[in-house]
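There are 2 protein chains.
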Amino acid sequence: MATADDKDVGEPTTEPNLTLGQYLASIRKDRRLSLRAVEERSGKQVSNAYLSQIENNQIQQPSPNILNALAEIYEISLEGLMEKAGFIQKSGLREQNERHGRIATFAEHNLTPEEEVELMQYLEFMRHRKRPR
Amino acid sequence: MATADDKDVGEPTTEPNLTLGQYLASIRKDRRLSLRAVEERSGKQVSNAYLSQIENNQIQQPSPNILNALAEIYEISLEGLMEKAGFIQKSGLREQNERHGRIATFAEHNLTPEEEVELMQYLEFMRHRKRPR
DNA sequence: ATAGCGTGCTTGGTATATCAAGCAGATTCT
DNA sequence: AGAATCTGCTTGATATACCAAGCACGCTAT
Chain P
49 MATADDKDVG
59 EPTTEPNLTL
69 GQYLASIRKD
79 RRLSLRAVEE
89 RSGKQVSNAY
99 LSQIENNQIQ
109 QPSPNILNAL
119 AEIYEISLEG
129 LMEKAGFIQK
139 SGLREQNERH
149 GRIATFAEHN
159 LTPEEEVELM
169 QYLEFMRHRK
179 RPR
Chain U
49 MATADDKDVG
59 EPTTEPNLTL
69 GQYLASIRKD
79 RRLSLRAVEE
89 RSGKQVSNAY
99 LSQIENNQIQ
109 QPSPNILNAL
119 AEIYEISLEG
129 LMEKAGFIQK
139 SGLREQNERH
149 GRIATFAEHN
159 LTPEEEVELM
169 QYLEFMRHRK
179 RPR
């Protein structure tokens with residue numbers, strides 16, 4: 049069914065593919081970490097309650113401290129998070145895209161935001177189904 | 049003394065032992081701007097009242113938004129301010145690395161080849177199903 | 001079944017960033 | 001002399017980041 053979105057922040061930044069919350073949630077699931085596991089790893093710097101709020105877009109701008117902790121735990125770039133959090137408004141620059149994991153990203157597929165979200169959900173479903181070790 | 053010789057006031061890397069507030073105040077005075085002038089130039093993004101508090105160290109961590117505004121007005125580096133404000137400048141990637149994360153960064157999701165194939169198929173299915181125009 | 005644990009989530013409360021409005025002193029008019 | 005306009009500063013009020021504690025729903029496994 050076409051469930052568009054049940055909770056939309058409606059924050060008119062530009063055209064973000066994923067919201068900060070969606071992005072963070074998707075990565076946490078990819079890393080197979082629970083909210084409390086992240087809280088743990090952050091040394092209590094990020095509470096599970098707060099992380100939940102962030103992922104559900106109930107927090108507009110988590111502080112760089114928080115973002116930094118998450119970036120380290122997930123091993124992703126802080127700059128990207130800052131950008132998604134709306135801190136730095138960068139001028140449009142070309143993307144170089146030098147991926148390390150050389151698996152073909154979906155970058156060439158020109159995903160619409162909706163498609164991206166849907167794919168993400170499907171990935172989650174997929175992995176849940178398969179009962180990884 | 050009329051004019052303290054105009055040395056090179058243009059933002060060294062890191063002045064030794066100035067607090068964020070002292071540092072900001074010294075630079076503002078160097079630029080000969082009043083609190084309200086800064087407020088003005090920032091487009092009201094930074095109120096004179098708030099700037100005063102910052103300069104008197106009554107604010108512990110002004111948000112990056114504020115710091116960014118000030119950095120632009122004073123023409124100093126944002127990173128330096130962030131550092132002085134106590135935001136961690138982790139030993140990460142060097143600066144100057146341009147942004148990536150344009151489209152759905154599935155690159156961060158550690159897809160196995162099988163997962164990638166399956167996702168790809170699902171994407172195709174998705175688009176086949178909807179196919180807008 | 002029921003006890004236990006792990007999951008995400010909600011919520012009341014606290015701390016703090018941020019500003020509008022005002023205040024007193026110093027200049028500079030007129 | 002005031003009047004007008006600066007200056008930096010204080011403060012009460014509001015918004016919101018952030019968390020401790022708890023809740024409800026799964027799961028296994030007795």
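Going down the list, the sequences are from chains P and U. If you want our numbering, it's the position in the first sequence, counting the first as 1, plus 48. If you want our numbering, it's the position in the second sequence, counting the first as 1, plus 48. Ideal Cβ placement from N, Cα and C applies to all residues, glycine included.
No Cβ of chain P is located within less than 8 Å of the beta carbon of proline 110(U).
Scanning chain P for C-beta atoms nearer than 8 Å to the C-beta of glutamate 163(U) yields Leu171, Met174, Arg175, reported in chain order.
Contacts with chain U at 8 Å (Cβ-Cβ) include isoleucine 124(P). Under the criterion of beta carbons closer than 8 Å, leucine 68(U) and alanine 119(U) do not qualify as touching, at roughly 12 Å.
Boundaries of the alpha helix (DSSP H) harbouring arginine 89(U): 83-89, taken from the DSSP string.
Isoleucine 136(U) belongs to the set of residues whose beta carbon lies under 8 Å from a beta carbon in chain P. With at least 16 other beta carbons inside 10 angstroms of its own, glycine 128(U) counts as buried. Per the C-alpha coordinates, the member of Ile102(P), Arg76(P), Gln109(P), Ser82(P) positioned closest to isoleucine 124(P) is Arg76(P). At a cut-off of 8 Å between C-beta atoms, asparagine 96(P) does not count as an interface residue with respect to chain U. Beyond the five residues adjoining it in sequence on each side, arginine 79(U) comes within less than 7 Å, by CB distance, of Tyr122 in the same chain, given in chain order. Residue contact with chain U for isoleucine 107(P): absent (no Cβ-Cβ distance below 8 Å to any residue of chain U). Chain-ordered, the chain P residues with CB closer than 8 Å to the CB of leucine 167(U) read Phe154, Leu167, Tyr170, Leu171, Met174.
Lysine 92(U) and arginine 84(U) have their alpha carbons spaced roughly 9 Å apart. Distance from the Cα of tyrosine 71(U) is smallest, within the candidate group Leu171(U), Arg175(U), Leu126(U), Phe173(U), for Leu126(U). Per DSSP, the continuous alpha helix (DSSP H) segment holding arginine 76(P) begins and ends at 68-78.
Under the Cβ distance rule, asparagine 104(U) does not count among the residues neighbouring chain P, no pair being separated by less than 8 Å. Looking from the CA of arginine 175(U), the closest CA among Met174(P), Leu66(P), Glu166(P) belongs to Glu166(P). Counted as a single uninterrupted DSSP element, the alpha helix (DSSP H) harbouring glycine 128(P) occupies residues 126-132.
For phenylalanine 135(U), the three-state secondary structure derived from DSSP is coil.
Interface flag for isoleucine 75(P) against chain U is set, since a Cβ pair is found closer than 8 Å.
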